C-alpha cells in the first residue's frame, strides 16, 4: 500500500480525555489490561460462532477458534491475537476511535482529579481496549472481518495522544491482532512467567483456549551439562478453557467467581453477591447471576443495553438478552446457558418461546430470593445495594404484579424512627412496630428528607407515637400508586384527603374535634371568602398540634411530589386546588379569629397560606407579595 492510503483521524473528545487518564496510570493494578484484551478477544470468538450458525463458511480454513498470546522480551512487546469475527475499517474507526457507550459525558464530568477515586469510576464505566495504554506507549491493531477478502485487512496505530492512523492492508487470517509496544516501566509484561500468571488469575475460566508457545525443557548429559535444545516450541493451552457456569459450585472458588464477573461486566470492582444454579427437569439450563457493587452511569436510561449473556448448548447467542429478566432488574449481570432453545434463536423467536417465559419467571424469583437472603444475612452489603439500586427496584410493583409482595419486602425507607439520613427500615419492620388498633401504613412524600421530617402533617403522629414513612425519592409517589398495600395494610398519604386515624383516636378525641370544628365555623367561612380563588376547601384540622395551618391534597388529586416531577419533565399537569386546614388552637389563628379589620384579616390569612406552602417544600406563585405582606406585619409589630 502507498502512504497516500493512510489516514490520520482524531479521537472522540471523551476518548481523548480518557486516554490521557490511562496514560497517567490511573489504574493501581496495571495487569488488568491483559484481562480486558482477552475478554474482548473472547467476545469476538463468541460473535463468530453465532454468525457461523447462519453462514458456516465463516469458519473455513482457520482451524480451532482460539486466542494466542506472544511476547518478545527483546523488542519489549506483547501480542494478543484471535481468529474471531474481526472488524472492517469502519468498525475499527467506530470501536477504537470512540467510546461507544451511553453516559460518556456524565462519566467525564464526574472525574475529580483524585487518581484513586477516578480509577474506581473508570472501572465502573468499563473501557476495554483503552486499558492497553496503561502499559503501552504505542499500540498497533491488525484486523480483518470474517468472510472478507485478504486485501481488506485494516491496520490501526496510535500512541494514545490526539489522533490515530488507519490504513488498508493485506491480512492472511480473519480476526484481530493487537501489538502492544510496552513502556520502559512495563517490561515485566513481556516475560513468559508473568503473562501466564495473569492469564491463570483472570482468564482461566473463559470457554476459549488461550494459547502460548511453550519452550521445551532443557536436557542434561551424565555430567550435568545442558544439552543444546533442538526441539521447536509447541503450543500450550494456558487456561482451563471450560465455561465456569458449567462447573460444579463446589469446584469454584470465590476468587474465580469474582474474576468471571469482572470479565463479563468489564467492572473493576467485585460484585456484592452472586447465585449459581443448575436447573434440570422440564427445562434444563445453567445460570450465573451477579449483583454489582456500583450502578452504571446509564442505569436510569431504560433504553440502554441490558440483559444476560445468552448461550444455547454452550454456543454464544447474544450479549444482552433482555428477555430473561424484567426491566426493574436490569442491573443484574450474568450468564444463562440453555439446552431447550433453538441454536438459530433470534430476538423475535425468544419473545415467542414459552420456554423463555418459564426461564424468566424462574430467574426473576432467583434474583429476588438472592436479594432477600442478602438483606437478611448481610445488612451492610444490602445497605450498599439499596443505595445504588433501590430506586430501580421500586419500579417493580408496577411491572411485576405476581412478585409484588416479594419486591415490597426488599424495600427500605427512612421513617420517623430512623436515625440520620439512612433508608434502613423495612415494611415488615414497620408492621411489627405498628400501634395497637393501627390498620394502615402511613407515609408522607416530600422533595427531600429535611422537608419530610419537618412536615406539619407529622405533628399528630408524633404526639401519638405513630411511625410514618418518609418518602423522598422521585419515584416514591408513583410507587405508592401501584403498591397500594402491604401485609393487608393499606398505605395512606398523611397529606391527602381527610385524616382518619380510626381506633388510634379515642372517642373523647373525636368528640373534641367535632366540637372544635363546630365552634369555628364562622372563622372557616371568613377564610373561605378570602381564599375562594386559591383553595378548594377550608376546614379545621385534626393533623396539627404546633403549626397554625397546612395544605392538604384532595383524595383523588395528584400529590405535590408527582406534580413537581411531571412539571419538571414538561408534562401536562391536571388542574387542582389544595385544601386549607387551620388549627384554631394555635395563637396566630386565635388572633386571626378576633381580627375585625377585614383587609388586615385577608393579609394575615394570605401569610398563613403562603407559609403552609413553604412548609410543604412548595414554591410561591408570588414570592414578592409574600415578602411585602410579611414586612408590613413586622413593621406593625415594631411600633
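In full-length UniProt numbering, the protein residues as written are 1 to 639.
Even glycine gets a Cβ: it sits at the ideal position worked out from N, Cα and C.
None of the values given here were measured: they were computed from a predicted structure.
Residue i - DSSP class collapsed to helix/strand/coil
i, result
"residue 389", "helix"
"residue 153", "strand"
"residue 300", "coil"
"residue 486", "strand"
"residue 502", "helix"
"residue 620", "coil"
"residue 455", "coil"
"residue 594", "coil"
"residue 49", "helix"
"residue 237", "strand"
"residue 9", "strand"
"residue 282", "coil"
"residue 471", "strand"
"residue 415", "strand"
"residue 640", "Residue 640 cannot be examined here, being either before or after the span of the chain that is shown, 1 to 639."
"residue 628", "helix"
"residue 125", "Note that residue 125 has pLDDT 46, beneath the 50 cutoff, so the model's placement of it is unreliable and the number below is only indicative. Helix."
"residue 633", "helix"
"residue 214", "strand"
"residue 168", "strand"
"residue 429", "helix"
"residue 436", "coil"
"residue 420", "coil"
"residue 551", "strand"
"residue 2", "Interpretation of residue 2 is limited by its pLDDT of 42, a score under 50 that renders its predicted location unreliable; no figure is taken from the coordinates."
"residue 192", "helix"
"residue 226", "strand"
"residue 58", "helix"
"residue 104", "Residue placement at residue 104 is flagged as unreliable, the pLDDT there being 45, under the threshold of 50; a coordinate-derived value is accordingly withheld."
Inter-residue Cα distance where the pair is residue i and residue j
i, j, result
"residue 311", "residue 253", "23 Å"
"residue 625", "residue 581", "22 Å"
"residue 421", "residue 412", "12 Å"
"residue 534", "residue 268", "55 Å"
"residue 388", "residue 294", "6 Å"
"residue 300", "residue 508", "50 Å"
"residue 556", "residue 455", "21 Å"
"residue 11", "residue 362", "44 Å"
"residue 144", "residue 169", "9 Å"
"residue 495", "residue 586", "19 Å"
"residue 180", "residue 9", "20 Å"
"residue 79", "residue 177", "7 Å"
"residue 332", "residue 42", "21 Å"
"residue 59", "residue 82", "13 Å"
"residue 6", "residue 91", "16 Å"
"residue 211", "residue 471", "56 Å"
"residue 631", "residue 604", "12 Å"
"residue 424", "residue 367", "21 Å"
"residue 583", "residue 614", "17 Å"
"residue 523", "residue 532", "14 Å"
"residue 520", "residue 553", "22 Å"
"residue 337", "residue 371", "22 Å"
"residue 498", "residue 316", "58 Å"
Supposed close pair residue i, residue j - CB separation, criterion 8 Å
i, j, result
"residue 431", "residue 491", "Residue 431 to residue 491, Cβ: 12 Å. No contact."
"residue 284", "residue 307", "Not really, about 21 Å apart at Cβ, beyond 8 Å."
"residue 608", "residue 549", "5 Å"
"residue 246", "residue 314", "7 Å"
"residue 395", "residue 328", "4 Å"
"residue 139", "residue 182", "The pair is not a contact, with the Cβ atoms about 10 Å apart (cut-off 8 Å)."
"residue 86", "residue 146", "5 Å"
"residue 616", "residue 551", "6 Å"
Bridge partner(s) assigned by DSSP for residue i
i, result
"residue 359", "According to DSSP, residue 359 bridges with nothing at all."
"residue 538", "580"
"residue 142", "155 and 177"
"residue 318", "310"
"residue 67", "82 and 210"
"residue 72", "77"
Query raised in the report: Is the segment 544 to 563 touching the segment 593 to 601 in the sense that three or more CB pairs, one from each, lie closer than 8 Å?
Result: Proximity of the segment 593 to 601 to the segment 544 to 563 falls short of the contact definition, fewer than three beta-carbon pairs being nearer than 8 Å.
Report task. State whether the segment 458 to 469 contacts the segment 376 to 392, with contact taken as three or more CB pairs (one from each stretch) at a distance under 8 Å. Result -> Flag = no, the segment 458 to 469 and the segment 376 to 392 do not touch.
Query raised in the report: Pairing CB atoms from the segment 467 to 480 with CB atoms from the segment 523 to 540, are three or more of them under 8 Å?
Result: no
Query raised in the report: Contact between the segment 150 to 159 and the segment 35 to 51: three or more CB pairs below 8 Å?
Result: Judged by Cβ distances under 8 Å, the segment 150 to 159 makes no contact with the segment 35 to 51, as fewer than three pairs qualify.
Query raised in the report: So, do the segment 501 to 520 and the segment 569 to 578 have three or more beta carbon pairs nearer to each other than 8 Å?
Result: Too few Cβ pairs lie closer than 8 Å, so no.
Report task. Please confirm if the segment 229 to 243 is in contact with the segment 192 to 206, defined as three or more CB-CB distances below 8 Å between the two stretches. Result -> Here the segment 229 to 243 lies against the segment 192 to 206, with 3 or more beta-carbon pairs under 8 Å apart.
Query raised in the report: If you pair each beta-carbon of the segment 58 to 78 with each one of the segment 159 to 169, do three or more pairs fall below 8 Å?
Result: Taking a cut-off of 8 Å on C-beta distances, the segment 58 to 78 does not touch the segment 159 to 169, as fewer than three cross pairs fall below it.
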